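Chains A and B, in that order, give the protein sequences. Each residue of the first sequence is one higher than the one before, counting from 1 in this note's numbering. Each residue of the second sequence is one higher than the one before, counting from 420 in this note's numbering. Glycine is no exception: its CB is placed at the ideal position from the N, C-alpha and C atoms. Please read all numbers here as calculations on a predicted model, not as lab measurements.
Protein chains: 2
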Amino acid sequence: MRQTKLFTKTRKEAPADEVSKNAELLIRGGFIHKEMAGIYDYLPLGLRIIKKIENIIREEMNKIGGQEIFMSSLQERETWEPTNQWDDKEVDVWFKTKLKNDTELGLAITHEAPITKMFKGFLNSYRDLPSSVYQFQTKFRNEIRAKSGIIRTREFVMKDLYSFAKDEKEHLEFYGKVTEAYKNIFKRTGIGHLTYLTFASGGMFSKFSHEFQTITSAGEDTIYVDEDKGIAINKEVYNDEVIKNLGLSKEKLVENKSVEVGNIFTLGTRFSDALDLSYQTEDGERKPVFMGSYGIGPGRLMGTVVEALSDDKGIIWPEAIAPFALHLLSLGEDEEVQKYADELYEDLQKKNIEVLFDDRKEISAGEKFADADLLGMPLRGVVSARSLKENGIEIKARTEEKGKIISKEELINLLKPSH
Amino acid sequence: MRQTKLFTKTRKEAPADEVSKNAELLIRGGFIHKEMAGIYDYLPLGLRIIKKIENIIREEMNKIGGQEIFMSSLQERETWEPTNQWDDKEVDVWFKTKLKNDTELGLAITHEAPITKMFKGFLNSYRDLPSSVYQFQTKFRNEIRAKSGIIRTREFVMKDLYSFAKDEKEHLEFYGKVTEAYKNIFKRTGIGHLTYLTFASGGMFSKFSHEFQTITSAGEDTIYVDEDKGIAINKEVYNDEVIKNLGLSKEKLVENKSVEVGNIFTLGTRFSDALDLSYQTEDGERKPVFMGSYGIGPGRLMGTVVEALSDDKGIIWPEAIAPFALHLLSLGEDEEVQKYADELYEDLQKKNIEVLFDDRKEISAGEKFADADLLGMPLRGVVSARSLKENGIEIKARTEEKGKIISKEELINLLKPSH
Chain A
1 MRQTKLFTKT
11 RKEAPADEVS
21 KNAELLIRGG
31 FIHKEMAGIY
41 DYLPLGLRII
51 KKIENIIREE
61 MNKIGGQEIF
71 MSSLQERETW
81 EPTNQWDDKE
91 VDVWFKTKLK
101 NDTELGLAIT
111 HEAPITKMFK
121 GFLNSYRDLP
131 SSVYQFQTKF
141 RNEIRAKSGI
151 IRTREFVMKD
161 LYSFAKDEKE
171 HLEFYGKVTE
181 AYKNIFKRTG
191 IGHLTYLTFA
201 SGGMFSKFSH
211 EFQTITSAGE
221 DTIYVDEDKG
231 IAINKEVYND
241 EVIKNLGLSK
251 EKLVENKSVE
261 VGNIFTLGTR
271 FSDALDLSYQ
281 TEDGERKPVF
291 MGSYGIGPGR
301 LMGTVVEALS
311 DDKGIIWPEA
321 IAPFALHLLS
331 LGEDEEVQKY
341 ADELYEDLQK
351 KNIEVLFDDR
361 KEISAGEKFA
371 DADLLGMPLR
381 GVVSARSLKE
391 NGIEIKARTE
401 EKGKIISKEE
411 LINLLKPSH
Chain B
420 MRQTKLFTKT
430 RKEAPADEVS
440 KNAELLIRGG
450 FIHKEMAGIY
460 DYLPLGLRII
470 KKIENIIREE
480 MNKIGGQEIF
490 MSSLQERETW
500 EPTNQWDDKE
510 VDVWFKTKLK
520 NDTELGLAIT
530 HEAPITKMFK
540 GFLNSYRDLP
550 SSVYQFQTKF
560 RNEIRAKSGI
570 IRTREFVMKD
580 LYSFAKDEKE
590 HLEFYGKVTE
600 AYKNIFKRTG
610 IGHLTYLTFA
620 SGGMFSKFSH
630 EFQTITSAGE
640 DTIYVDEDKG
650 IAINKEVYND
660 EVIKNLGLSK
670 EKLVENKSVE
680 VGNIFTLGTR
690 FSDALDLSYQ
700 TEDGERKPVF
710 MGSYGIGPGR
720 LMGTVVEALS
730 DDKGIIWPEA
740 IAPFALHLLS
750 LGEDEEVQKY
760 ADELYEDLQK
770 KNIEVLFDDR
780 KEISAGEKFA
790 DADLLGMPLR
800 GVVSARSLKE
810 NGIEIKARTE
820 EKGKIISKEE
830 LINLLKPSH
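Listed below in structure tokens is the structure:
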């Protein structure tokens, strides 16, 4: 992509009312646009990151047998009343609206109830189990405050996976697979080393749950980490009994601020009992289906990457989710430089290598460098009169201080085609 | 995909309250699930079709320079008031809701206003023009009636493209490119031969517009088609003057029922005037940006394909959007048959050929054939004791009456890998 064609521009300042680092950097870089408090649009650079995160999640969900679907946002009262979740006094984050005939509708806060109801039409026998479905679909949450940028918003896409099993044993087998899949996802998106499987309270649906928490000072949560064992305890359930039950010792646990980047819930039969989702066993009995639910928000993950990995110059995207593998800069008005950079860009395009090409003229080298640091592609390549003297491109990793000059052929070998 | 793993099942009957053919067939096939009147979920088979349609649209939008974004559904009053579209008396399909502090919000019916507002932050000079952006994002419309299945729903994903130009001339150049891109899209999705560029009234934003209308008896619109010239006039603007202006003759125009599968609007400066989106010309003047908007609903397109191309046995998917290229059926309990079909399926999987494998046992040949007709994959391949006698697979196109037996190698050569 040529920066002269990209409709977004970097800016020096974020909106004055923006207090989170992730939104500030992402708005300045033109990755997102603030529609209003707690509600953001994804612009071309930002959407490329979201899609890469989604594709990684999708691959991992497919690998464990998840089948992708896409459910509606609009929800009816009958779906949520059986679990006592329609009442605003019970669930206080609903956005409600109305049909023309005054029927009240809600905007899905999550999809446990409708998926349970839908499965009644498809699930009948033990032969239909185990089964799991997932989607990437918008959730709406009427939060009172929104001050964490894209980490906590009033409208966001979530990957939600739901599992159906014969009993707790079959459920736990799948639950274990999801745990591994989630670990893969956080590793692949570049925050594996900062992310811990965390013991937490059950939230909406069950007594206990597991979360994945990523350490960053911007986090709203507090966790106690056992680095060696690679697990943590959320402050909300942190007490002597839990520490003992988990075989941990208080002395080794270190307090950290963190962001919840994923959660996995055992729902048990709460929804299947209330909504009457049962199956016939081999013996001809009817039994309620044993369920689980598992969430990751790609936007929240993206925001967490920014919080956890940026430096004072800007963002540092991990390779697997960076919008482009290379940020190519041409410096100066020199015609030879322009021509060389232009041809290099076209060559890389032909090889399906993802390049953002800063082909802007009348922009100083300093400004281009500052923008490259702000935008945070893993690798920067500079074509200048100086680099051409040495017959090459000066490349520098975003995380390194110093660059080096390499030939065009070496650069091409360094970069992987996107498909 | 093995049908024994697919969580959906075909069914004999659609819900009693379902009056449209498209929803009836799609529900019976397990492509979609009815959440409530006018609101549907997409199940694995249906979502595969939507994604193929979206990818075709995306390719065509990228080809003409569109940049993909993703905007929020929640909208604030200030965005829509300048064009007088917030008032329910002016636009009567809003779903409205409220923040906790009682601020009224709306669910996007479309995105002209917010995109114009957003572009104020990025567009300043004639150098920034022309520009165009698009998204696949949910629209909400509080329709009074919903009886056309997935063709007209209260919640649907739309591909909406917005263009920004210096003046009408530059706008019309891009408008022409979109017209061609839309023709490509309808051709590639298999309804090109039934779809006409149609002269229509302007709807929400401008005096006149162009629609793409697909002929089917289920259509809510009436158009007058000149088959030779490949264009049509919508009944709403059908009069002697318009016929004359278009250089058509009344005698050659044939009345047809049709579905609007796409529309392209010249917005002019309506939004840029109201929301103050201007640019600086080469001469240093400020001028309002000249805009256009262009929509296609992938779900509506899918529903229209069903209406236009199905027969009395079921759906007939065009190759490019079919969920699977091949529906492989194994018939009978014969172990040799099972083994042959199983190995064939695994071989095809390895070659990235998209196969739905009806590996169900205890299901009669008749039921399998009926399901294959209902589900409508372009090609059916049957492995049976009879086909194995001739050392092959009996293949039959969905649109043909009779099949023929070919070898495994011939079958593999016939099918294209999906990537």
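Legend entry - Through-space distance from leucine 493 of chain B to isoleucine 569 of chain B, alpha-carbon basis: 23 angstroms
Legend entry - Per DSSP, cross-strand counterpart(s) of isoleucine 715 of chain B: B:Lys578
Inset, instruction - Label threonine 633 of chain B either buried or exposed according to how many other C-beta atoms from any shown protein chain fall within 10 Å of its C-beta, with 16 as the threshold for buried. - result: buried
Legend entry - Presumed contact (8 angstroms Cβ cut-off) between tyrosine 42 of chain A and isoleucine 476 of chain B, rounded CB distance: Rounded, the Cβ-Cβ distance is 18 angstroms, inconsistent with contact.
Inset, instruction - Would you list the one or two residues that DSSP bridges to arginine 96 of chain A? - result: At residue 96 of chain A the sequence reads lysine, which differs from the arginine that was named. Partner(s): A:Gly106.
Legend entry - Inter-residue spacing [alpha-carbon to alpha-carbon] between isoleucine 451 of chain B and serine 567 of chain B: 14 angstroms
Inset, instruction - Please list the segments of the alpha helix (DSSP H) lying wholly inside the region 801-837 of chain B, counting only runs of 4 or more residues, in order along the chain. - result: 804-808, 827-833
Inset, instruction - Run through the region 668-748 of chain B for me and flag every whole alpha helix (DSSP H) of 4 or more residues, listed as ranges in chain order. - result: 689-694, 717-728
Legend entry - Assigned exposure category for histidine 746 of chain B - 16 Cβ within 10 Å defines buried: buried
Legend entry - Any 3 or more C-beta pairs closer than 8 angstroms across the region 586-600 of chain B and the region 719-729 of chain B: no
Inset, instruction - Taking only beta-carbon positions, decide if arginine 573 of chain B is within less than 8 angstroms of chain A. - result: yes
Legend entry - 4-residue-minimum alpha helix (DSSP H) runs that sit fully inside the region 145-194 of chain A, ordered along the chain: 168-188
Legend entry - threonine 79 of chain A in three-state terms, based on DSSP: helix
Legend entry - Reference proline 463 of chain B, options A:Met36, A:Ala23, A:Gly66, A:Glu54, closest by Cα: A:Gly66
Legend entry - Sequence-distant residues of its chain with Cβ nearer than 8 angstroms to glycine 121 of chain A (five each side left out): none
Inset, instruction - Go to isoleucine 650 of chain B, then tell me how far its beta strand (DSSP E) extends in each direction, as first and last residue. - result: 650-653
Inset, instruction - Keeping to the same chain, check which residues put their C-beta closer than 8 angstroms to that of threonine 4 of chain A; ignore five residues upstream and five downstream. - result: Asp359, Arg360
Inset, instruction - Consider the Cβ of asparagine 256 of chain A: report whether some Cβ of chain B lies at a distance smaller than 8 angstroms. - result: no
Legend entry - Per-residue burial, histidine 612 of chain B [other beta carbons within 10 Å of its own, 16 or more giving buried]: exposed
Legend entry - Rounded C-alpha distance that separates tyrosine 340 of chain A from valine 383 of chain A: 8 angstroms
Inset, instruction - Check whether the Cβ atoms of threonine 818 of chain B and isoleucine 735 of chain B lie closer than 8 angstroms to each other. - result: yes
Legend entry - Residues in the region 551-565 of chain B having any Cβ partner in chain A nearer than 7 angstroms: Val552, Thr557, Asn561, Ile563
Legend entry - Contact with chain B by glutamine 67 of chain A, beta-carbon distance below 8 angstroms: yes
Inset, instruction - Taking all protein chains shown into account, decide if glycine 247 of chain A is buried (16 or more other Cβ within 10 angstroms of its Cβ) or exposed. - result: exposed
Legend entry - Interface residues of chain B facing serine 293 of chain A [CB-CB closer than 9 angstroms]: Within 9 angstroms Cβ-Cβ: nothing; serine 293 of chain A doesn't reach chain B, min ~16 angstroms.
Inset, instruction - With DSSP as the reference, please indicate the residues paired to valine 644 of chain B in a beta bridge. - result: B:Ala651, B:Val673
Legend entry - Bridge partners - phenylalanine 136 of chain A, DSSP secondary structure assignment: A:Lys159
Inset, instruction - Report the rounded CA-to-CA distance for asparagine 561 of chain B versus glycine 106 of chain A, giving the unit in angstroms. - result: 13 angstroms
Inset, instruction - Mind reading off the beta-carbon distance from arginine 467 of chain B to phenylalanine 575 of chain B? Whole number of angstroms is fine, and I expect it under 8 angstroms. - result: Going by Cβ atoms, the distance from arginine 467 of chain B to phenylalanine 575 of chain B rounds to 18 angstroms, so no, they are not a contact pair.
Legend entry - glycine 230 of chain A to serine 293 of chain A span [Cα, whole Å]: 23 angstroms
Inset, instruction - Using a cut-off of 8 angstroms between C-beta atoms, extract the partners of threonine 8 of chain A located in chain B. - result: Phe541
Inset, instruction - Apply the 10 Å Cβ neighbour rule to asparagine 441 of chain B and answer buried if 16 or more other Cβ atoms are within range, or exposed otherwise. - result: buried
Inset, instruction - Within its chain, find whatever has a CB closer than 7 angstroms to the CB of arginine 421 of chain B; leave out the 5 residues flanking it on each side and keep chain order. - result: Phe776, Asp778
Inset, instruction - Sort out for me which residues DSSP pairs arginine 125 of chain A with in a bridge. - result: For clarity, residue 125 of chain A is serine in the given sequence; the question names arginine instead. Beta-bridge pairing links serine 125 of chain A to A:Gln280.
Inset, instruction - Please go through the same chain and pick out, in chain order, the residues whose beta-carbon is closer than 6 angstroms to the beta-carbon of aspartate 586 of chain B, but skip the five residues on each side of it. - result: Phe709
Legend entry - Interface residues of the region 95-106 of chain A facing chain B [CB-CB below 7 angstroms]: Phe95, Lys96, Thr97, Leu99, Lys100
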